[in-house]
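Visitor:
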Amino acid sequence: METHFSTTPFGRRPMTLGMISSQVTARAVSKDATVHKWHVFQDIKDARIALGASDRALAILDALLSFHPDTALYGDSELIVWPSNEQLIRRANGMPPTTLRRHLAVLVECGLIIRRDSPNGKRFARKGQGGEIEQAYGFDISPIVARAEEFKELAEAVRSEKKAFRLVKERLTICRRDIVKMIDAGIEEGVPANWGRVQQAYQAIVGQIPRTAPRQTLEAIAEDLEGLWAEVREALESFVKRQKVDANESQNGRHIQNSKPDSKSESENGLGNKDEAGGNVADTDNIRSLPKRELPLGIVLDACPNMLWLVKGGGGIRNWREFLAAAEVARPAMGISPSAWEEARTAMGEQQAAITIAAIYQRQDQINSAGGYLRSLTDRAKAGKFSVWPMVMALLRAKLDASKTTGTGAEAAAVDLETAGKIVRTESRLEISDALRRSLDKPGRGS
Numbered sequence: 001m002e003t004h005f006s007t008t009p010f011g012r013r014p015m016t017l018g019m020i021s022s023q024v025t026a027r028a029v030s031k032d033a034t035v036h037k038w039h040v041f042q043d044i045k046d047a048r049i050a051l052g053a054s055d056r057a058l059a060i061l062d063a064l065l066s067f068h069p070d071t072a073l074y075g076d077s078e079l080i081v082w083p084s085n086e087q088l089i090r091r092a093n094g095m096p097p098t099t100l101r102r103h104l105a106v107l108v109e110c111g112l113i114i115r116r117d118s119p120n121g122k123r124f125a126r127k128g129q130g131g132e133i134e135q136a137y138g139f140d141i142s143p144i145v146a147r148a149e150e151f152k153e154l155a156e157a158v159r160s161e162k163k164a165f166r167l168v169k170e171r172l173t174i175c176r177r178d179i180v181k182m183i184d185a186g187i188e189e190g191v192p193a194n195w196g197r198v199q200q201a202y203q204a205i206v207g208q209i210p211r212t213a214p215r216q217t218l219e220a221i222a223e224d225l226e227g228l229w230a231e232v233r234e235a236l237e238s239f240v241k242r243q244k245v246d247a248n249e250s251q252n253g254r255h256i257q258n259s260k261p262d263s264k265s266e267s268e269n270g271l272g273n274k275d276e277a278g279g280n281v282a283d284t285d286n287i288r289s290l291p292k293r294e295l296p297l298g299i300v301l302d303a304c305p306n307m308l309w310l311v312k313g314g315g316g317i318r319n320w321r322e323f324l325a326a327a328e329v330a331r332p333a334m335g336i337s338p339s340a341w342e343e344a345r346t347a348m349g350e351q352q353a354a355i356t357i358a359a360i361y362q363r364q365d366q367i368n369s370a371g372g373y374l375r376s377l378t379d380r381a382k383a384g385k386f387s388v389w390p391m392v393m394a395l396l397r398a399k400l401d402a403s404k405t406t407g408t409g410a411e412a413a414a415v416d417l418e419t420a421g422k423i424v425r426t427e428s429r430l431e432i433s434d435a436l437r438r439s440l441d442k443p444g445r446g447s
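With full-length UniProt numbering, the residue at position 139 of the sequence shown is 139, and numbering never jumps.
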């Protein structure tokens with residue numbers, strides 16, 4: 001007795017080597033094999049890219065598996081389902097018939113199902129006298145059992161690769177975050193280091209990260225970042241260790257300034273020599289004797305001509321507003337943190353802080369840590385022991401000395417220094433300090 005459960009013509013379809021391979025694999029399945037069809041289906045979904053199956057094809061496979069009544073599939077059982085196209089379309093969320101046929105072909109090519117064609121190309125099942133199915137034509141899902149271990153291995157490999165990719169992205173994120181925080185800490189705390197170079201190195205590495213990249217590329221970038229991380233970390237740890245040693249050697253627990261002549265600390269790599277009062281304002285015994293009026297902009301620019309490099313278009317600086325804008329450009333170029341700049345502006349006033357920035361920028365090649373040096377001057381300003389006058393005059397003195405050596409510009413430099421000196425002498429109502437007087441009255445001034 002023959003019973004037709006559905007009738008759907010297949011048409012004439014070519015046989016491929018992939019189909020033959022799938023049939024051979026299905027025939028080799030062990031009769032004792034047993035799998036959970038939905039567990040295997042999950043492995044297939046995870047390994048779909050390696051198998052070459054699309055999302056739509058897997059939706060059809062899901063529907064086909066649902067037509068088999070048992071959850072457990074056995075190697076010795078009949079594993080053929082014969083749903084009509086209409087039934088498949090309903091269970092596959094209503095995809096068009098042409099799409100259904102195309103993705104059924106994908107499942108066959110991937111070796112996930114096998115077509116069992118009837119003589120007339122229709123899908124149906126024939127029952128015997130007892131009502132049991134003797135012969136069925138449709139889709140054979142026995143590869144689900146035969147290739148279950150293969151699907152599992154592929155899925156585990158895909159999961160491992162996804163995990164490795166996720167871990168390397170986490171490494172990149174954590175490393176980038178830590179480096180940025182350590183650079184900020186180094187600048188904030190005045191750790192002597194070339195933080196501008198470190199920031200450039202960091203930007204160069206992270207600039208290599210593409211929007212989409214294989215795991216191997218990200219691994220290489222992560223290694224470069226971790227190398228920079230170790231370098232920055234070592235600089236910070238070395239500084240902390242030195243601070244602890246200095247604290248242990250000091251009776252008051254605080255190392256203010258290294259007075260050794262050959263020291264490379266920021267205090268003695270400041271603006272000029274100690275005798276010229278170029279930043280060692282704490283040694284000036286009568287800072288209040290300095291004039292209260294503001295420094296003329298022309299004198300400041302003569303002492304700090306490098307500020308003109310920061311003007312867009314190569315123009316000059318015509319007023320204090322443009323001078324403050326140039327200082328805003330110089331500050332990050334020297335690695336001075338926003339907090340150190342804001343603290344200096346609060347303690348000194350905006351204009352005085354900008355002049356200080358200009359003076360530091362003029363001599364930045366002689367300063368290990370511009371940020372640390374600015375903080376030191378800010379502390380002195382808070383204690384009323386700092387003025388920009390000695391700094392600017394020290395720069396003018398250095399300019400005069402340099403012009404004498406080169407033989408050019410000596411007269412203009414002497415006039416600038418003389419003008420500044422006259423302002424100090426005219427407006428100071430108290431006796432100026434010996435250190436400042438020596439700075440103003442060095443032999444050769446005005447020559």
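Ideal Cβ placement from N, Cα and C applies to all residues, glycine included.
Taking residue 345 as part of the beta strand (DSSP E), name the residues at either end of that continuous run.
Guide: Along the sequence shown, one-based indexing puts residue 345 at 345. Looking at the DSSP string, residue 345 is not in any beta strand (DSSP E); the run it does join, the alpha helix (DSSP H), is 338-348.
Visitor: Given that a residue counts as buried once 16 or more other Cβ atoms are within 10 Å of its Cβ, and exposed if not, what is residue 103?
Guide: The residue you call residue 103 lines up with position 103 of the sequence shown. Label assigned to residue 103: buried.
Visitor: Go through its chain and collect everything with a Cβ distance to residue 182's Cβ below 8 Å, but skip five positions before and after it.
Guide: Numbered from 1 along the sequence shown, position 182 holds the residue referred to as residue 182. Excluding sequence neighbours, residue 182 sits near 229, 232, 233, 236.
Visitor: Which residues share a DSSP beta bridge with residue 139?
Guide: One-based indexing of the sequence shown puts residue 139 at position 139. In the DSSP output, where bridge partners are listed per residue, residue 139 has 81, 115.
Visitor: According to DSSP, is residue 103 helix, strand or coil?
Guide: Here residue 103 corresponds to residue number 103 of the sequence shown, with the count starting at 1. Helix.
Visitor: What residue does the beta strand (DSSP E) around residue 39 start on, and which one ends it?
Guide: Mapped onto the sequence shown, residue 39 falls at position 39. Not the beta strand (DSSP E): residue 39 falls in the alpha helix (DSSP H), residues 37-46.
Visitor: Please classify residue 339 as buried or exposed, where buried requires at least 16 neighbouring CB atoms within 10 angstroms.
Guide: In the sequence shown, residue 339 corresponds to position 339, counting from 1. So residue 339 counts as exposed.
Visitor: Can you confirm whether the segment 58-67 touches the segment 114-126 when touching is taken to mean that 3 or more C-beta pairs between the two stretches lie within less than 8 Å?
Guide: No, the segment 114-126 does not touch the segment 58-67.
Visitor: Which residues in the same chain have their Cβ closer than 8 Å to the Cβ of residue 100, if we skip the five residues on either side of it in sequence?
Guide: Residue mapping note: residue 100 aligns to position 100 of the sequence shown, counting from 1. So the list reads 60, 85, 88, 89, 92, once near-sequence residues are dropped.
Visitor: Find the nearest neighbour of residue 138 within the set 159, 113, 151, 148, judged by alpha-carbon distance.
Guide: To locate residue 138, count along the sequence shown from 1; it is residue 138. Selected option, being the one with the closest Cα: 113.
Visitor: Report the option in 242, 244, 201 whose CA atom is closest to the CA atom of residue 224.
Guide: For this step, residue 224 is matched to residue 224 along the sequence shown. Selected option, being the one with the closest Cα: 201.
Visitor: Excluding the 5 residues flanking residue 57 on each side, which residues of the same chain have their C-beta closer than 6 Å to its C-beta?
Guide: Numbered from its first residue, the sequence shown carries residue 57 at position 57. Excluding residues within five positions, the ones whose Cβ falls inside 6 Å are 103, 106, 107.
Visitor: Are the beta-carbon atoms belonging to residue 300 and residue 355 less than 7 Å from one another?
Guide: Against the sequence shown, residue 300 aligns to sequence position 300. Against the sequence shown, residue 355 aligns to sequence position 355. Taking 7 Å as the Cβ cut-off, residue 300 and residue 355 qualify as a contacting pair.
Visitor: Where does residue 371 land, buried or exposed, given buried means 16+ other C-beta within 10 angstroms?
Guide: Looking up residue 371 in the sequence shown gives position 371. Buried, because 16 or more other Cβ atoms sit within 10 Å of the Cβ of residue 371.
Visitor: So for residue 34, helix, strand or coil by DSSP?
Guide: Within the sequence shown, the letter at position 34 stands for residue 34. The answer is strand: DSSP assigns residue 34 an E or B state.
Visitor: If I measure Cβ to Cβ from residue 43 and keep anything under 6 Å in the same chain, skipping five residues before and after, which residues do I get?
Guide: Taking the sequence shown and counting its residues from 1, one reaches residue 43 at position 43. Around residue 43: 151, 152, 155.
Visitor: Restricting to Cα atoms, I'd like to know which of 357, 385, 146 is closest to residue 325.
Guide: For the purposes of this step, residue 325 is identified with residue 325 of the sequence shown, where counting begins at 1. Of 357, 385, 146, the residue nearest in Cα terms is 357.
Visitor: Cβ-heavy atom distance between residue 114 and the ligand NAP below 6 Å?
Guide: As for the ligand NAP, it is missing from this structure, which has no ligand bound.
Visitor: Can you tell which of 344, 317, 199 has the C-alpha that lies nearest to the C-alpha of residue 378?
Guide: Taking the sequence shown and counting its residues from 1, the one referred to as residue 378 is at position 378. Checking every option, the nearest Cα to that of residue 378 belongs to 344.
Visitor: By Cβ distance below 6 Å, which residues in the same chain neighbour residue 494 in space, the five residues on each side in sequence not counted?
Guide: Here the chain covers residues 1 to 447 and nothing more, so residue 494 does not appear.
Visitor: In or out: residue 402 buried (at least 16 other Cβ within 10 Å) or exposed?
Guide: Along the sequence shown, one-based indexing puts residue 402 at 402. The residue in question, residue 402, is exposed, as its Cβ has fewer than 16 Cβ neighbours within 10 Å.
Visitor: Where in the UniProt domain "Plasmid replication protein C C-terminal" (296-397) do unbroken runs of the alpha helix (DSSP H), each at least 4 residues long, occur, reported from the N-terminal end onward?
Guide: If we require 4 residues or more, the alpha helix (DSSP H) runs fully inside the UniProt domain "Plasmid replication protein C C-terminal" (296-397) come out as 297-303, 320-333, 338-348, 350-362, 370-382.
Visitor: Between 71, 221, 187, which lies nearest to residue 141 when the distance is taken from Cα to Cα?
Guide: Within the sequence shown, residue 141 is the residue found at index 141, counting from 1. Closest option to residue 141, Cα to Cα, is 71.
Visitor: Contact defined as beta carbons within less than 8 Å: I believe residue 179 pairs with residue 337. What is the distance between those atoms, to the nearest angstrom?
Guide: Here residue 179 corresponds to residue number 179 of the sequence shown, with the count starting at 1. Here residue 337 corresponds to residue number 337 of the sequence shown, with the count starting at 1. With a Cβ gap of about 15 Å, residue 179 and residue 337 do not count as contacting.
Visitor: Taking the C-alpha atoms as reference points, what is the distance between residue 352 and residue 214?
Guide: The count along the sequence shown starts at 1 and reaches residue 352 at position 352. The count along the sequence shown starts at 1 and reaches residue 214 at position 214. If you take the alpha carbons of residue 352 and residue 214, they lie about 53 Å apart.
Visitor: Give me the Cβ distance between residue 375 and residue 196, rounded to the nearest whole Å; I'm assuming they're in contact under 8 Å.
Guide: Counted from its first residue, the sequence shown places residue 375 at position 375. Counted from its first residue, the sequence shown places residue 196 at position 196. So it is not a contact: roughly 17 Å between Cβ atoms.
Visitor: Does residue 72 come out as helix, strand or coil in the three-state DSSP assignment?
Guide: Mapped onto the sequence shown, residue 72 falls at position 72. Strand.
Visitor: Reducing DSSP to helix, strand and coil, say where residue 399 ends up.
Guide: Position 399 of the sequence shown, counted from the start, is the residue given in the question as residue 399. Helix.
Visitor: Tell me the rounded alpha-carbon separation between residue 303 and residue 365.
Guide: The count along the sequence shown starts at 1 and reaches residue 303 at position 303. The count along the sequence shown starts at 1 and reaches residue 365 at position 365. If I take the Cα positions, the gap works out to 16 Å.
Visitor: Does the beta-carbon of residue 83 have 16 or more other beta-carbons within 10 angstroms, so that it is buried, or is it exposed?
Guide: For the purposes of this step, residue 83 is identified with residue 83 of the sequence shown, where counting begins at 1. Buried, by the Cβ-count rule.
Visitor: Under 8 Å by Cβ, that's how I've got residue 80 and residue 136 pegged, so tell me the actual separation to the nearest angstrom.
Guide: To locate residue 80, count along the sequence shown from 1; it is residue 80. To locate residue 136, count along the sequence shown from 1; it is residue 136. 4 Å between Cβ atoms; contact.
Visitor: Quick one: measure Cβ to Cβ for residue 157 and residue 40, integer angstroms, because I've assumed they're closer than 8 Å.
Guide: The sequence position of residue 157 within the sequence shown is 157, counting from 1. The sequence position of residue 40 within the sequence shown is 40, counting from 1. About 16 Å; that fails the 8 Å criterion.
Visitor: Over the uninterrupted alpha helix (DSSP H) stretch that includes residue 147, give me the two end residues.
Guide: Here residue 147 is taken as the residue at index 147 of the sequence shown, counted from 1. Run containing residue 147: none; DSSP gives neither H nor E here.
Visitor: Roughly how many whole angstroms lie between the Cα atoms of residue 217 and residue 208?
Guide: To locate residue 217, count along the sequence shown from 1; it is residue 217. To locate residue 208, count along the sequence shown from 1; it is residue 208. Using only the alpha carbons, I get a separation of about 9 Å.
Visitor: Here's the rule I'm using: 16 or more other beta-carbon atoms within 10 Å means buried, otherwise exposed. How should residue 55 be labelled?
Guide: Reading the sequence shown from its first residue, position 55 is the one you call residue 55. So residue 55 ends up on the exposed side.
Visitor: Taking DSSP as the reference, what is the three-state secondary structure of residue 67?
Guide: Residue numbering aside, residue 67 sits at position 67 when the sequence shown is read from its first letter. Three-state DSSP puts residue 67 in coil, outside helix and strand.
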